[in-house]
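Q: The structure's right below; bear with me while I get my questions together.
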Amino acid sequence: RAEEAAEQSGLVCRQEDSYAFLHDRVQEAAYALIPAAERAPMHVAIGRLLVAHLGAEAVAERIFEVVGQFNRGSEGIESQEERERIAELNLLAGQRAKEGAAYASALTYFAAATSLLARDRWERRYPLSFAIELASAECEFLTGDPARAEARLAGLVPRVADLVDLAAVASLRLQIFIALAQPERVIEVTIGYLRRVGITWSAHPAEEEVRHEYESLLERIGERPIEDFLGLPPMTDPIAAATMNVLNEAYVPAAYTDRNLSCLVALRMVNLSLEHGNGEASCAAYTMLGAVLGPYFGDYQSAFRFGKLGVALV
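Mind the numbering: the sequence shown is residues 2 to 315 in my numbering, read in order.
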């Protein structure tokens, strides 16, 4: 057989149920013998074989190899369903690259994923399209191009289909504006998001609003010891958790722009925690409240206890 002859001549070596070239130059020479017009379909065929014979877990482990084959011949694939499947694989490859801090490579995979989708991708495959755009913006930010990332995110806002996705966009925009030292833009985006979830705040709230939020907190605490809130159930409401993430990003910029606003953020985060349970951002919320109750309301004892609660929850 041709494989055995190639092995005997020292061109390839056997690896369990497959063969590998012994040297890159041999592989390059063999590849050059394939007519250019046949290469793209061959790469796609190899990609299909890999997906067909590997399980989902193995495909994930060899994701760069799999998408590398498909991407070399994807232009000739006519089936939109298959193109969308390959776009999903490119998204996974990009996410893996991002996890490894290879942000530029990740952007290449995300761009390949986008090119595989049809013009009506937002109607056909909204979750996939959103994931690609959000991850692309994050990598653009991490590669030192915040302006491009913000432009992408601003264009993504009108397409967002639910509040959890809107919160994810808002949180990333806040990180960008924080990095750019633009606290006013942070507050603008925060207030815009809060309005969508039914919370109407201004950039400069009155003391009466802060007092009202504080009284709501006292009602929720009631006679319960502060330390008991360590045992609250996990926060499962997705919108509450998303809102907590946005408020957490906004707290420090709010402290630079308006004291009442920063107090309002801390109080609302704790009220959300007491109403919906403890989430990841609740750790920060309790310590933020510890910084508010003493100076603003003169309750230094509760401030210290909430601070300890935040540390214990971590």
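Glycine residues also receive a C-beta, built at the ideal position from the N, C-alpha and C atoms.
Leaving out the 5 sequence neighbours to the left and right, which residues in its chain are closer than 6 angstroms to Y257 when beta-carbon positions are compared?
A: In the sequence shown, counting from the first residue as 1, residue 257 sits at position 256. Result list for Y257: P184, in chain order.
Q: Have a look at P226 and R306 and give me their C-alpha separation to the nearest angstrom.
A: By 1-based counting over the sequence shown, the position of residue 226 is 225. By 1-based counting over the sequence shown, the position of residue 306 is 305. C-alpha separation (whole angstroms): 10 angstroms.
Q: Would you kindly check if the distance between the Cβ of Q81 and the Cβ of L51 is under 9 angstroms?
A: Stepping through the sequence shown from its first residue, residue 51 is reached at position 50. Stepping through the sequence shown from its first residue, residue 81 is reached at position 80. For L51 and Q81, no; Cβs fall outside 9 angstroms.
Q: Can you confirm whether the stretch 220 to 240 touches the stretch 185 to 192 when touching is taken to mean that 3 or more C-beta pairs between the two stretches lie within less than 8 angstroms?
A: Output reads no: the stretch 220 to 240 does not touch the stretch 185 to 192.
Q: Using 9 angstroms as the threshold, is the C-beta distance between G291 and G278 below it?
A: Working through the sequence shown from its first residue, we reach residue 291 at position 290. Working through the sequence shown from its first residue, we reach residue 278 at position 277. Their beta carbons are not under 9 angstroms apart, which means G291 does not touch G278 by this criterion.
Q: On the CB-based measure, 16 or more other CB atoms within 10 Å of its CB, does P254 come out buried or exposed?
A: On the sequence shown, residue 254 is found 253 positions in, with the first residue counted as 1. By the neighbour-count rule (16 or more Cβ atoms within 10 Å), P254 is buried.
Q: Rounded to whole angstroms, what's the CA-CA distance from V247 to R197? Just pull it up for me.
A: Indexing the sequence shown from 1 puts residue 247 at position 246. Indexing the sequence shown from 1 puts residue 197 at position 196. The alpha-carbon atoms of V247 and R197 are separated by roughly 12 angstroms.
Q: With DSSP as the reference, label R15 as helix, strand or coil.
A: The sequence position of residue 15 within the sequence shown is 14, counting from 1. DSSP places R15 in strand when its eight states are reduced to three.
Q: Residues in the same chain with beta-carbon distance under 7 angstroms from G77, minus the five sequence neighbours each way, listed in chain order, please.
A: For the purposes of this step, residue 77 is identified with residue 76 of the sequence shown, where counting begins at 1. Once the five neighbours on either side are set aside, the close Cβ partners of G77 are A41, P42 and V45.
Q: How many angstroms separate the CA atom of R149 from the CA atom of R174?
A: Translated into the one-based positions of the sequence shown, residue 149 becomes position 148. Translated into the one-based positions of the sequence shown, residue 174 becomes position 173. Between R149 and R174, the C-alpha separation is close to 11 angstroms.
Q: Do you know how far the Cα of A119 is from the Cα of A57?
A: Position 56 of the sequence shown, counted from the start, is the residue given in the question as residue 57. Position 118 of the sequence shown, counted from the start, is the residue given in the question as residue 119. Taking the straight line joining both Cα atoms gives about 25 angstroms.
Q: Quick one: residues in its chain with C-beta nearer than 6 angstroms to the C-beta of C284, no 5 flanking neighbours on either side, listed in chain order?
A: Start at 1 with the first residue of the sequence shown, and residue 284 comes out as number 283. G311, L314 and V315.
Q: Where does P235 sit, in a helix, a strand or coil, going by DSSP?
A: As a working mapping, residue 235 is identified with position 234 in the sequence shown. Reduced to three states, the DSSP call for P235 is strand.
Q: Please report the distance separating the alpha-carbon of A243 from that of A7.
A: Working through the sequence shown from its first residue, we reach residue 243 at position 242. Working through the sequence shown from its first residue, we reach residue 7 at position 6. If I take the Cα positions, the gap works out to 59 angstroms.
Q: When the distance is taken between beta carbons, is L181 closer than 9 angstroms to V170?
A: Against the sequence shown, residue 170 aligns to sequence position 169. Against the sequence shown, residue 181 aligns to sequence position 180. Going by C-beta atoms, V170 is not nearer than 9 angstroms to L181.
Q: Quick check on L268: buried or exposed, where buried means 16 or more other Cβ atoms within 10 Å of its Cβ?
A: The count along the sequence shown starts at 1 and reaches residue 268 at position 267. Looking at its Cβ environment, which holds 16 or more other Cβ atoms inside 10 Å, L268 is buried.
Q: Considering only C-alpha positions, which residue in the set F142, G145, P296 and E134 is nearest to L167?
A: Walking along the sequence shown from the start, residue 167 turns up at place 166. The residue with the shortest Cα to Cα distance from L167 is E134.
Q: Please classify S130 as buried or exposed, where buried requires at least 16 neighbouring CB atoms within 10 angstroms.
A: Here residue 130 refers to the residue found at position 129 of the sequence shown. S130 comes out buried.
Q: What residues in its chain sit with their C-beta under 7 angstroms from that of R97, if we drop five residues either side in the sequence?
A: Taking the first residue of the sequence shown as 1, we reach residue 97 at position 96. Here the set comprises I64.
Q: Cβ of A138 within 9 angstroms of Cβ of L154?
A: Numbered from 1 along the sequence shown, position 137 holds the residue referred to as residue 138. Numbered from 1 along the sequence shown, position 153 holds the residue referred to as residue 154. Yes, Cβ-Cβ distance for A138 and L154 is below 9 angstroms.
Q: Are there any heavy atoms of the ligand GDP lying less than 8 angstroms away from the beta-carbon of V68, as far as the coordinates show?
A: Questions concerning the ligand GDP fall outside what the structure shown contains, since it holds no ligand whatsoever.
Q: If you run the structure through DSSP and keep just helix, strand and coil, what is A21?
A: Counted from its first residue, the sequence shown places residue 21 at position 20. In this structure, A21 counts as strand in the three-state DSSP scheme.
Q: Please return the same chain residues whose Cβ sits closer than 8 angstroms to the Cβ of N261, not counting the five positions on each side in sequence.
A: Here residue 261 corresponds to residue number 260 of the sequence shown, with the count starting at 1. Cβ within range, chain order: H205, P206, A207, E208, E210 and V211.
Q: At 4 residues or longer, what runs of the alpha helix (DSSP H) sit wholly inside the stretch 104 to 168?
A: The qualifying runs are 104 to 117, 122 to 125, 127 to 143 and 147 to 157.
Q: What are the start and end residues of each continuous alpha helix (DSSP H) run of 4 or more residues lying completely inside the stretch 260 to 304, in chain order?
A: Fully enclosed alpha helix (DSSP H) runs of 4 or longer: 260 to 277 and 283 to 298.
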